[in-house]
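Position 10, counted from 1, in the sequence shown is what this note's numbering calls 1334; the numbers after and before it change by one each time, with no gaps. Ideal Cβ positions, reconstructed from N, Cα and C, are used throughout, including at glycine. Treat the numbers as computed from the prediction; the structure is a model and nothing was measured.
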Amino acid sequence: MIENTLKGHAISGDIRTALLTADIDGSGGQQQASDQTFTINGTEVIYLPYRPNAINFVIPQGKDVISSNFTGCYMAAYKQNGALKIAHVATPSCNAAWATLKNEVEVVAEFKPSDHVPMSALQAIAQGGTAPQIMGIYTNMGYCIAAAATQANGNLIVTHMTLVKAS
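Set out below in structure tokens:
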């Protein structure tokens, strides 16, 4: 699982660039993200980009899913027509669309990564001179994890991880 390889390790290259970049503006509803599979320290993960004004989702295909740019958005796992989907739900722009969708699907997990990273972890990163990056992780074992990272020497360094929920 990705959480065993992330903490304290450097994330560089294409995945680092992806984690720091928002996707194009969405339409306010569900949108499937393009397949972005990366390898971090030998573990394949699917990257789920933040898309403003969208419920952006991926189908995990048995892999861990990592998303970034959380400042109040939800990370959610849900089953729709038998398929497991992992989503980054933009807030507040998609609150109504998400509430409607939740009545039509089976929600497996839902959390706000930004609610689970202690202020002390964010302050420690900021005192180091960089803006903190809050990430959400949904593992192939059904764990929800909130993480914080800092930038150093062109890499993202995960400095904090919190197990939020086990499905």
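With DSSP as the reference, identify every bridge partner of residue i, one or two as the case may be.
{"i": "residue 1473", "result": "1457, 1482"}
{"i": "residue 1369", "result": "1362, 1388"}
{"i": "residue 1378", "result": "Its beta-bridge partners do not exist; DSSP assigns none."}
{"i": "residue 1410", "result": "1382, 1401"}
Would you kindly work out how many angstroms separate the C-alpha atoms of residue i and residue j, rounded to a whole number?
{"i": "residue 1408", "j": "residue 1416", "result": "24 Å"}
{"i": "residue 1366", "j": "residue 1484", "result": "20 Å"}
{"i": "residue 1478", "j": "residue 1445", "result": "20 Å"}
{"i": "residue 1431", "j": "residue 1411", "result": "11 Å"}
{"i": "residue 1482", "j": "residue 1473", "result": "4 Å"}
{"i": "residue 1426", "j": "residue 1464", "result": "21 Å"}
{"i": "residue 1460", "j": "residue 1443", "result": "16 Å"}
{"i": "residue 1380", "j": "residue 1475", "result": "25 Å"}
{"i": "residue 1421", "j": "residue 1451", "result": "37 Å"}
{"i": "residue 1364", "j": "residue 1390", "result": "11 Å"}
{"i": "residue 1406", "j": "residue 1433", "result": "15 Å"}
For the alpha helix (DSSP H) that contains residue i, what are its first and last residues?
{"i": "residue 1447", "result": "1443 to 1451"}
{"i": "residue 1419", "result": "1419 to 1426"}
Residue i and residue j look like a contact to me (Cβ under 8 Å); what is the Cβ gap, rounded to whole Å?
{"i": "residue 1378", "j": "residue 1418", "result": "7 Å"}
{"i": "residue 1371", "j": "residue 1393", "result": "Their Cβ separation, rounded to whole angstroms, is 11 Å, which puts residue 1371 and residue 1393 out of contact at 8 Å."}
{"i": "residue 1398", "j": "residue 1435", "result": "7 Å"}
{"i": "residue 1486", "j": "residue 1458", "result": "Between residue 1458 and residue 1486 the Cβ distance is about 11 Å, and since that is not below 8 Å, they are no contact."}
Between which two residues does the beta strand (DSSP E) containing residue i stretch?
{"i": "residue 1399", "result": "1398 to 1404"}
{"i": "residue 1357", "result": "Unbroken run through residue 1357: none, as it is neither H nor E."}
{"i": "residue 1429", "result": "Here residue 1429 belongs to no beta strand (DSSP E), and DSSP marks it neither H nor E."}
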